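Take numbering that gives the first Met the number 0: the last position of the sequence shown gets the number 331, and nothing is skipped along the way.
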Amino acid sequence: MFDNKNILITGGTGSFGQRFITNVLKSSFPKKLIIYSRDELKQFEMQQKFDHPCMRYFLGDVRDKHRLKTAMRDVDYVIHAAALKQVPAAEYNPMECIKTNIMGAQNVIEAAIESNVARVIALSTDKAANPVNLYGATKLASDKLFVAANNISGAKGTRFAVVRYGNVVGSRGSVVPFYKSLIAEGKTKLPVTHEEMTRFWITLDDGVEFVVKNFQRMQGGEIFVPKIPSVRIVDLVESISGKRDYEVIGIRPGEKLHEVMVPEEVAHHTLEFSDHYVIAPPITFFEKNINYKKNKLGETGQPVSDRFEYHSGTNPHFLTVEELRQMDASSI
0 MFDNKNILIT
10 GGTGSFGQRF
20 ITNVLKSSFP
30 KKLIIYSRDE
40 LKQFEMQQKF
50 DHPCMRYFLG
60 DVRDKHRLKT
70 AMRDVDYVIH
80 AAALKQVPAA
90 EYNPMECIKT
100 NIMGAQNVIE
110 AAIESNVARV
120 IALSTDKAAN
130 PVNLYGATKL
140 ASDKLFVAAN
150 NISGAKGTRF
160 AVVRYGNVVG
170 SRGSVVPFYK
180 SLIAEGKTKL
190 PVTHEEMTRF
200 WITLDDGVEF
210 VVKNFQRMQG
220 GEIFVPKIPS
230 VRIVDLVESI
240 SGKRDYEVIG
250 IRPGEKLHEV
260 MVPEEVAHHT
270 LEFSDHYVIA
280 PPITFFEKNI
290 NYKKNKLGET
300 GQPVSDRFEY
310 HSGTNPHFLT
320 VEELRQMDAS
330 SI
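What follows is the structure, given as structure tokens:
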């Protein structure tokens with residue numbers, strides 16, 4: 000679907016953007032792949048790795064709508080990956096997180112509509128469901144903005160959707176590379192915030208594939224949630240260090256014990272498909288007859304029960320220590 004198309008990724012120098020570019024260049028022939036981010040050094044380093052003639056690099060911040068509009072000229076698809084994501088940093092610098100994650104999201108929406116972009120997918124997080132931290136709250140607000148943007152764009156305008164998933168194996172700033180760096184330094188015990196902690200777990204390739212697939216599925220207004228396994232933090236420690244030896248340091252500011260991707264409160268408008276869930280919009284859009292039970296690929300979903308909740312602690316699929324090792328090895 001990306002052949003001869005122009006694609007822009009905000010925050011494109013991050014882990015997702017780099018893997019997305021790698022995979023798309025293997026399978027498609029885009030006209031332009033535009034990296035939009037604010038770090039000139041990361042862009043320079045990325046240019047050494049990706050020198051394909053379709054690549055374009057735009058220095059800019061999502062806080063700057065005018066620059067976004069310039070970058071989105073003639074763009075067909077946008078992936079909004081730019082965000083401030085560190086939970087403790089957001090707790091200590093709340094307004095900076097709000098400026099990027101909420102006001103930046105609105106800038107992306109307005110620039111996309113004014114530039115006649117066809118489809119936009121915003122990347123979200125499990126922390127946006129029933130948020131207890133500032134980061135999650137800003138991403139929930141962002142999700143709401145992108146869903147409602149379909150009303151602003153009108154019946155023939157830009158279509159917006161959201162992809163929400165859990166922790167990405169080995170992504171920049173995640174716990175796996177942090178643990179590995181501690182082991183390389185000679186640490187014998189790894190820090191664990193709480194020994195009962197669980198998280199949703201997904202590989203970078205699976206995350207990229209899910210986003211690409213949802214560009215094909217989307218009608219506008221959906222929050223797509225993949226069916227993925229959970230991990231126990233103590234199993235993760237053992238998979239990396241070879242032993243279940245850790246030091247409990249306490250939950251960090253704004254951190255949850257477990258994560259939820261589909262809260263019970265939205266079960267009444269959640270649909271289950273074979274490999275994912277869709278949280279349908281609670282508001283009526285430009286077309287009152289959108290049938291979210293059947294997507295653009297012809298896949299059909301069914302309503303979940305009224306008490307349904309997609310919770311990392313009660314997820315029926317937990318990865319074993321060996322599966323964690325295999326997933327880590329395959330994600331390199």
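Glycine residues also receive a C-beta, built at the ideal position from the N, C-alpha and C atoms. Note that the structure is predicted; figures quoted are calculated from it, not measured.
- For Q46, the three-state secondary structure derived from DSSP is helix.
- In the displayed model, V61 falls within coil according to three-state DSSP, outside both helix and strand.
- DSSP lists E246 as the bridge partner or partners of P190.
- Beta-bridge partners assigned by DSSP to E271: Y276 and Q301.
- Taking the Cβ atoms as the reference, F209 lies roughly 25 Å from Y178, outside the contact range of under 8 Å.
- With fewer than 16 other Cβ atoms inside 10 Å of its own Cβ, Q215 counts as exposed.
- In this structure, DSSP gives A160 an extended state, which the three-state scheme calls strand.
- Going by C-alpha positions, E113 is about 25 Å away from A279.
- Close CB contacts of S14 within its chain, under the 7 Å cut and outside five residues either way in sequence, are with V167, S170, R171 and L203 (chain order).
- Two segments are said to touch when three or more pairs of C-beta atoms, one from each, lie closer than 8 Å; by this definition the region 219-232 touches the region 300-315.
- In this structure, the alpha-carbon of A89 lies about 21 Å from that of G11.
- In this structure, V207 lies near F19, with their beta-carbon atoms less than 8 Å apart.
- Separation of the CB atoms of N129 and V259 is rounded to 6 Å, and the pair is thereby assigned contact status at 8 Å.
- Contact check between the region 248-266 and the region 321-329: fewer than three CB pairs, one atom from each, fall below 8 Å, which does not count as touching.
- Closest option to N3, judged by alpha-carbon separation, among C53, F49, P93 and L40: C53.
- The Cβ-Cβ distance between T137 and N100 falls below 8 Å.
- Contact annotation: the region 146-154 touches the region 279-299, with at least three C-beta pairs closer than 8 Å.
- Three or more Cβ pairs drawn from the region 92-107 and the region 62-76 lie within less than 8 Å of each other, which places the two stretches in contact.
- Cβ neighbours of D205 within its own chain (closer than 6 Å, five residues either side excluded): none.
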